[in-house]
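Following the numbering used here, the residues of the sequence shown are numbered contiguously, the last one being 250.
This report concerns only the one structure given below.
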Amino acid sequence: MTRVLTLLFAALTVLAGVGQAQAQDFGGFFDSRGIFGGGPDFRGGSSPIRRQTVNFAGNYAPGTIYINTAERRLYLVTGNGQALQYGIGVGRDGFRWSGTHRITAKKEWPSWTPPSQMLARRPDLPRHMKGGIDNPLGARAMYLGSTLYRIHGSNEPETIGQAVSSGCFRMTNDDVTDLYSRVSVGTTVIVKN
58 MTRVLTLLFA
68 ALTVLAGVGQ
78 AQAQDFGGFF
88 DSRGIFGGGP
98 DFRGGSSPIR
108 RQTVNFAGNY
118 APGTIYINTA
128 ERRLYLVTGN
138 GQALQYGIGV
148 GRDGFRWSGT
158 HRITAKKEWP
168 SWTPPSQMLA
178 RRPDLPRHMK
188 GGIDNPLGAR
198 AMYLGSTLYR
208 IHGSNEPETI
218 GQAVSSGCFR
228 MTNDDVTDLY
238 SRVSVGTTVI
248 VKN
């Protein structure tokens with residue numbers, strides 16, 4: 058009986074190790090107690106605006122992203138009169154815009170080079186920052202046409218629902234990672250101001 062328990066314990070230990078490796082490959086993490094966190098360790102907190110499926114009256118094709126800056130919401134149209142709604146941070150006064158673009162690039166943990174216009178306003182900013190948890194673009198970024206604007210993550214969840222950016226659309230790292238997994242390069246993005 059002792060031998061059977063020893064073999065069983067050894068097998069479970071091996072399986073736990075494999076499970077941990079698979080979970081980490083999947084983007085999960087284990088905390089200091091060995092408890093799986095269920096998703097990437099973004100340390101950015103949760104959004105004050107819950108991601109949810111909502112009724113959506115717009116006449117847009119499924120897969121279209123519709124951004125309403127007044128509501129501070131981003132909608133991913135799913136069809137059948139519904140959309141997945143996310144809370145976002147938007148441009149502050151003087152930095153809001155509207156138009157239709159397409160996602161031209163997607164990047165995980167993108168590096169950031171502030172545009173010259175931003176550096177003129179904020180000369181204290183770094184000239185370049187490698188991707189990572191402290192990077193203002195967060196875990197994912199989706200680039201909009203040939204503009205300087207992006208839909209990107211943020212490690213400042215308190216800015217979601219606020220007008221604080223220079224024209225980009227901020228999401229929590231958890232929400233932007235979810236959206237990133239659902240859209241592709243070429244996705245239409247409609248911004249209503």
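The beta-carbon is built from N, C-alpha and C at its ideal position, and this holds for glycine as well.
Look at residue i and residue j and say whether their C-beta atoms are less than 8 angstroms apart.
i	j	result
ILE217	PRO105	yes
VAL240	GLY115	no
ARG159	GLY243	yes
TRP166	GLY146	no
ASN212	ILE247	no
ASN112	LYS249	no
VAL233	GLY202	no
Name the residue from the options whose alpha carbon lies nearest to the alpha carbon of residue i.
i	options	result
ASN230	SER222, TYR143, THR126, TYR123	TYR143
GLN109	TYR117, ARG130, GLY202, THR126	ARG130
LYS163	LYS249, ASN250, LEU236	LEU236
GLY148	SER103, PRO183, ARG227, THR204	ARG227
ALA220	ILE122, ARG107, SER103, ALA127	ALA127
MET199	THR161, PRO180, ASP181	THR161
THR204	THR157, LEU182, ARG179	THR157
ARG107	ILE122, ALA118, THR245, LEU141	LEU141
May I ask you to check if the CB of residue i is nearer than 7 angstroms to at least one heavy atom of the ligand MG?
i	result
GLY189	Absent from the structure shown: the ligand MG. Ligands present: none.
So, for residue i: in the same chain, excluding its five sequence neighbours on each side, which residues have a beta-carbon less than 8 angstroms away from its beta-carbon?
i	result
HIS185	SER168, TRP169, THR170
Along the alpha helix (DSSP H) that carries residue i, what are the first and last residues, could you check?
i	result
THR234	230 to 239
GLN174	173 to 178
Return the chain-ordered list of same chain residues with a C-beta closer than 7 angstroms to the C-beta of residue i, the five sequence neighbours on each side being excluded.
i	result
GLN79	With a pLDDT of 31 at GLN79, under the threshold of 50, the modelled position of this residue cannot be trusted; read the value that follows with caution. Cβ within range, chain order: n/a, list empty.
SER103	PRO214, THR229, ASP231
TYR206	GLY224, CYS225
First and last residue of the beta strand (DSSP E) that includes residue i?
i	result
ILE247	245 to 249
ALA140	139 to 144
ILE252	Because the chain in this structure spans residues 58 to 250, residue 252 falls outside the shown range and cannot be described.
ASN112	109 to 112
LEU133	130 to 136
Determine, using beta carbons only, whether residue i comes closer than 8 angstroms to chain C.
i	result
PHE113	The structure shown contains no chain C; it is built from a single protein chain.
Is the region 182 to 199 touching the region 148 to 155 in the sense that three or more CB pairs, one from each, lie closer than 8 angstroms? Short answer: they don't touch.
Would you call the region 133 to 141 in contact with the region 172 to 180, where contact means no fewer than 3 C-beta pairs closer than 8 angstroms? Touching, no.
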